[in-house]
Amino acid sequence: MTARPVSLTGIKPTGTPHLGNLFGAILPAIRLTERYRGIYFIADYHSLTTERDGAALRHSVHEVAATWMAMGLDHENHVFFRQSDVPEVCELSWVLSCFTSMGLLTRAHAYKDAVANGKDPNHGLFAYPVLMAADILLYDSEVVPVGKDQKQHVEMCREIAQRVNHHYGEGTLVLPEPLIDENVATIPGLDGRKMSKSYDNAIEIFTAPKPLRKRFMKIVTGSETMEEPKDPANCRIFDLYKLVATAAEVADLAGCYRAGNFGYGEAKQRLFEAYERFIAPRREVYDDLMANPAKIEAALERGAATARATARRTMERLRERCGLGSGG
Ligand code: ADP
Ligand code: TRP
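Numbering (the working numbering), first residue to last: 6 to 333.
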């Protein structure tokens, strides 16, 4: 029997996760464990390019870890860890940087955007794709599921790995393939634009029931009167409802929309109830983890121990071929 391929998912901790992250990234990534041996890590070194508050970064790592654990990531049978617990990635990053041309990095989107916006990017942002390549190559990853915005980084990773293999022999590093899921929907926020932390239109996943209900009530709707029929295909409440309600409930709400004499307030209440039913048991797990961060740390440390073993093997192979260390 051939082993399932290794897929690697990097999660940048950037504040409290919202429904866009949940339905657009977290749940699709968790489903990959059906087909791949999954490696999932929280990319705290990457967040350091912008985050300057140490306590906030560590808190954000805990929130993200607790979210993935509460949403059902099988961290006992797959590898789940924090990037900075395996500092070998920084050593690999250095070696890779010696095979990366400045020209390649000046073509990276994030760097180009920063310069175009008149910013003076730090070296960490400039070298971001090299560290990301190190994340991927350190664990012999075969598949890297990414959104379109990260595809360029995986292509750069392949280019860098090819150069290393050219010098030290095929098989020194494993070339990864990007995996782009075209079917992932864009989740709308309260104002109808893409839900995003930067637009202040997000609903955080584990908001407590009372403020959660208030948040759902803020969704912007059409201006039809209560009596007028409404179009389910053109309504943000309906878009969100489809993610959490049963097929029968969705059909029923569509019927109410088309019939008229049905207000958006009632639709929002149904959405709140369906989401609450979906999230309540998971929120309990999440709240327990956040109240007991030692449980989160224990899971991350177990994952790091497994990840470190693979990382050391890759680095031994590379150091031997590069002429680093005694070679003994
Ligand atoms: P934000 O826009 O809130 O800063 P991030 O850029 O940190 O979100 O996104 C992290 C992950 O969640 C990415 O994989 C991204 O594609 C996904 N994601 C974020 N917002 C949405 C959304 N509204 N719909 C679908 N996926 C989303
Ligand atoms: N750069 C990714 C992001 O901004 C996070 C990330 C870091 C990553 N290292 C990775 C993703 C390795 C995939 C593979 O979202």
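Note that beta-carbon positions come from the ideal geometry of N, C-alpha and C, so glycine has one too.
Pick helix, strand or coil for residue i, following the three-state DSSP scheme.
i	result
residue 4	Residue 4 is absent from the structure shown; the chain starts at 6 and stops at 333.
residue 135	helix
residue 124	coil
residue 235	coil
residue 169	helix
residue 80	coil
residue 18	coil
residue 129	helix
residue 55	coil
residue 329	coil
residue 93	helix
residue 29	helix
Please return the same chain residues whose Cβ sits closer than 8 Å to the Cβ of residue i, not counting the five positions on each side in sequence.
i	result
residue 312	44, 46, 84, 86, 90, 91 and 144
residue 117	111
residue 179	142, 145, 146, 147 and 166
residue 102	132 and 135
So is the beta-carbon of residue i under 7 Å away from any non-hydrogen atom of the ligand ADP?
i	result
residue 200	yes
residue 192	yes
residue 189	yes
residue 158	no
residue 23	yes
Name the one or two DSSP bridge partners that residue i has.
i	result
residue 148	12 and 182
residue 85	45
residue 193	199
residue 23	209
Mind checking whether the beta-carbon of residue i lies closer than 7 Å to any heavy atom of the ligand TRP?
i	result
residue 140	yes
residue 151	yes
residue 17	yes
residue 110	no
residue 74	no
In chain order, what residues of the same chain have a beta carbon less than 7 Å from the beta carbon of residue i, not counting five sequence neighbours either side?
i	result
residue 255	246 and 247
Cβ-heavy atom distance between residue i and the ligand MG below 7 Å?
i	result
residue 30	The ligand MG is not part of the structure shown, which contains the ligand ADP and the ligand TRP as its ligands.
Near residue i, what residues of its chain come up, given a Cβ to Cβ distance below 6 Å and the 5 sequence neighbours on each side ignored?
i	result
residue 29	189 and 192
| message | If we require 4 or more residues per run, which alpha helix (DSSP H) segments fall completely within the stretch 205-293? | response | 214-222, 241-249 and 252-264
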